[in-house]
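Counting in this note's numbering, the sequence shown runs without a single skipped number right up to 390 at its last residue.
Quick reminder that beta carbons are idealized off the backbone N, C-alpha and C, glycines included.
The structure presented is a predicted model; accordingly, all values stated were derived computationally and were not measured.
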Amino acid sequence: MVLVGLNLRPALSTLAPLLARIQQDTGLSALSIGALTTLPVLCLGIFAPLAPWLAKRLGPENTLAAALLLLAGGLALRGVPAIVALFGGTLMVGAAIGVAGTLLPALVKRELPAGADLMTGVYTMALCLGGALGAGLSVPLADRLGNWSTGLASWTLLALAALVAWRLLMPRHDAAKAAPDTGGSLRELLSQPLAWQVMLFMGSQSSLAYIVFGWLPTLLMARGYSEAEAGWMMGASVMVQLVAALSAPWLARLGRDQRPALLIVLTMVAGGFWLLLQAPAMWRWPGAVLLGLGQGGGFSLALTLIVLRTADSRLAGKLSGLVQGGGYTLAALGPLAIGVMLQFDVGLTVLTRVLLGIVAVSMGFALFAGRNRRLEVDDAGRLLTR
């Protein structure tokens with residue numbers, strides 16, 4: 005699970021530091037580049053709801069293996085120096101990550117029910133490490149391998165390693181002996197305010213994460229930093245997420261609900277954006293650290309809410325599909341909106357206000373999603389919130 009998590013962000017974070025080169029070599033407009041950064045996030049939302057359906061028919065273990073194979077294929081396709089291959093490969097990796105990322109919370113809930121929240125922090129830490137490596141190494145790899153397309157394709161090796169490891173070590177379960185699937189249909193989930201609250205929190209905080217993956221280096225270069233420094237600053241920010249991703253579920257256990265922890269990490273996100281984009285240059289590295297701590301904790305807590313707000317692994321899988329599907333679809337609007345604003349030469353001050361506004365909205369949803377409540381199916385098969 006940790007090795008799989010390591011593969012769920014490099015496909016996204018490797019693009020951002022290379023956007024200037026890609027735009028120069030391909031002649032794509034800023035709006036088209038914005039669509040390129042939005043496409044994988046949109047695919048996360050579109051394909052995440054398919055994960056429970058595929059898992060029911062193929063088994064979650066085989067479905068995850070298929071997602072890793074699709075991820076490797078998409079990464080390899082991005083190595084072809086053609087615009088259609090770049091967009092096609094990005095679509096494939098988005099679909100693969102959408103399915104794989106949705107399956108992991110349910111697998112954690114099933115295999116380690118007593119420590120599901122802490123294990124979620126562990127594989128989220130691996131996910132953040134993958135994102136940091138992708139952001140920090142994308143420019144050096146492109147320089148070393150001669151061009152950006154080969155640099156992007158080189159991450160295929162990591163995906164293949166995860167695929168081999170998963171096939172060898174994945175848990176084995178007899179589908180015929182599985183518990184019957186009763187209660188918790190999509191319609192029932194949509195009738196529960198708690199499911200909506202978790203989904204909207206996931207979407208709002210994820211939009212900030214994918215704005216960082218898609219546009220932070222570009223915004224930093226607009227402040228006068230070099231391409232390499234902007235890439236390393238983003239890489240450092242994502243690397244810091246490792247600490248917060250692992251510690252946030254532990255912090256969430258200290259109280260009766262998760263609202264204080266959620267508000268703390270979102271305040272860090274707001275402070276990090278302001279320091280990076282508005283404060284004097286001497287504050288750029290503290291800003292990167294603060295942003296990383298906040299976003300690592302926020303994403304880890306968002307995934308933790310999926311397992312804490314459900315009574316069993318089947319319900320966790322269904323809620324994961326809804327929360328990540330709807331949440332990532334909403335999150336795709338974030339990088340798209342930033343791309344549109346950059347197309348119209350909107351200044352950094354306005355962009356910073358927009359980002360802080362999204363943080364405020366996320367705080368509002370956190371106040372509802374963080375309450376100590378849980379979805380469960382009663383003896384009559386009805387979905388309830390208790």
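- Item | V399 and A120 closer than 7 Å at C-beta | What is shown of the chain runs 5 to 390, which leaves residue 399 out entirely.
- Task: Would you decide whether T314 is buried or exposed? Buried here means 16 or more other CB atoms lie within 10 Å of its CB.
- Result: Buried: at least 16 other Cβ atoms inside 10 Å.
- Message: With the cut-off set at 7 Å, would you say W170 and A69 are in Cβ contact?
- Response: When the beta-carbon positions are compared, W170 and A69 come within less than 7 Å of each other.
- Message: Using the Cβ count rule (16 or more neighbours within 10 Å means buried), how would you classify Q328?
- Response: Counting of Cβ neighbours within 10 angstroms places Q328 among the buried residues, the total reaching 16 or more.
- Message: Under 8 Å: do the stretch 335-355 and the stretch 204-215 share three or more Cβ pairs, one atom per stretch?
- Response: Per the Cβ contact rule, the stretch 335-355 is in contact with the stretch 204-215 (3 or more Cβ pairs under 8 Å).
- Task: For the stretch 293-312 and the stretch 239-250, state whether three or more C-beta atom pairs, one from each stretch, are separated by less than 8 Å.
- Result: Contact holds: three or more Cβ-Cβ distances are below 8 Å.
- Quick one: what does DSSP say V415 is sitting in, helix, strand or coil? Nothing about residue 415 can be reported from this structure: the residues present for the chain run from 5 to 390 only.
- Buried or exposed: which applies to A283, given that a residue is buried once 16 or more other Cβ atoms fall within 10 Å of its Cβ? By the neighbour-count criterion, in which a residue is buried when 16 or more other Cβ atoms sit within 10 angstroms of its Cβ, A283 is exposed.
- Quick one: which unbroken alpha helix (DSSP H) runs of 4-plus residues sit fully inside the stretch 18-92? Chain order, please. If we require 4 residues or more, the alpha helix (DSSP H) runs fully inside the stretch 18-92 come out as 23-30, 34-51, 54-62, 64-81.
- Query: For the beta strand (DSSP E) that L258 lies in, which residues bound it at each end?
  - Reply: Segment: none, L258 is in no beta strand (DSSP E) and carries neither H nor E.
- Item | A163 versus L267: straight-line alpha-carbon distance, rounded | Those two C-alpha atoms are separated by around 34 Å.
- Query: Going by beta carbon distance, what residues of the same chain come within less than 7 Å of F277, once the five residues before and after it are set aside?
  - Reply: So the list reads L295, T356, L359, L360, once near-sequence residues are dropped.
- Message: I'd like to know whether the C-beta atoms of G325 and A55 end up nearer to each other than 7 Å.
- Response: Yes, these two residues count as a Cβ contact at 7 Å.
- Can you tell me the Cβ-Cβ gap for G321 and T128, rounded? I've got them flagged as a contact below 8 Å. G321 to T128, Cβ: 17 Å. No contact.
- Message: Using only CA atoms, which one of M272, R378, A373, L334 lies nearest to L2?
- Response: Only positions 5 to 390 of the chain appear in the structure, and residue 2 is not among them; the question remains open.
- Per DSSP, the bridge partner or partners of T94: For T94, which the question treats as bridged, DSSP gives no partner whatsoever.
- Message: Using CA atoms only, rank isn't needed, just tell me which of G140, W152, I50, T222 is closest to G83.
- Response: Of the residues G140, W152, I50, T222, the one whose Cα lies closest to the Cα of G83 is W152.
- Task: Quick one: measure Cβ to Cβ for P64 and A24, integer angstroms, because I've assumed they're closer than 8 Å.
- Result: So it is not a contact: roughly 40 Å between Cβ atoms.
- Should the stretch 363-373 be called in touch with the stretch 71-90, which here means at least 3 C-beta pairs below 8 Å? Verdict: no, contact absent.
- CA-to-CA distance, L74 to P21, given in whole angstroms: Their Cα atoms are separated by approximately 24 Å.
- Mapping DSSP to helix, strand and coil, what is S350? Note on identity: in this sequence residue 350 is Val, with Ser being the wrong assignment. Residue state, collapsed to three classes: coil.
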